[in-house]
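Asks: Numbering (our numbering), first residue to last: 742 to 816.
Take a look at the following structure, please.
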Ligand SMILES: [Zn+2]
């Protein structure tokens, strides 16, 4: 009467390396197989792979706030 197939643990494939990952509470980094693969994926976002065009403008705004010549205040 038992149906081992439906009872079998669900697995997913790690988006980074394709390794089979059991979908359980113990798989902390699911759907990734490990913290390393998770960080690699997040790193792609942070390194500009999905960057929004125009983001470098932030740099201009910040440097614009800086006093170009602080000594002028004393003249
Ligand atoms: Zn992986």
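Backbone N, C-alpha and C fix where the C-beta goes; we use that ideal spot for every residue, glycine too.
1. Using C-beta distances below 6 Å, list every residue in its chain close to residue 751, excluding the 5 sequence neighbours before and after it, in chain order.
2. By Cβ distance below 6 Å, which residues in the same chain neighbour residue 774 in space, the five residues on each side in sequence not counted?
3. Which word fits residue 778, buried or exposed, when buried means at least 16 other C-beta atoms lie within 10 angstroms of its C-beta?
4. Below 7 Å CB to CB, which residues in the same chain sit around residue 758 once its five sequence neighbours on both sides are set aside?
5. Just jot down, in chain order, the residues whose CB lies closer than 5 Å to any heavy atom of ligand 1.
6. Alpha carbon to alpha carbon, how far is residue 769 from residue 782? Give it in angstroms, no decimals.
7. Measuring alpha carbon to alpha carbon, tell me which of 780, 772 and 767 ends up nearest residue 753.
8. So if DSSP puts residue 761 in a beta bridge, which residue, or which two residues, is it bridged to?
Replies: Result, derived from the coordinates:
1. Only 764 meet the Cβ criterion.
2. Residues of the same chain with a CB within less than 6 Å of the CB of residue 774, apart from the 5 flanking positions on each side, are 755, 760 and 762 in chain order.
3. Residue 778 should be labelled buried.
4. These residues qualify, in order along the chain: 774 and 778.
5. Chain-ordered list of matching residues: 755, 757, 758, 760, 774 and 778.
6. Taking the straight line from one Cα to the other gives about 15 Å.
7. Residue 772 is the option with its Cα nearest to residue 753.
8. BP columns for residue 761 point to 754.
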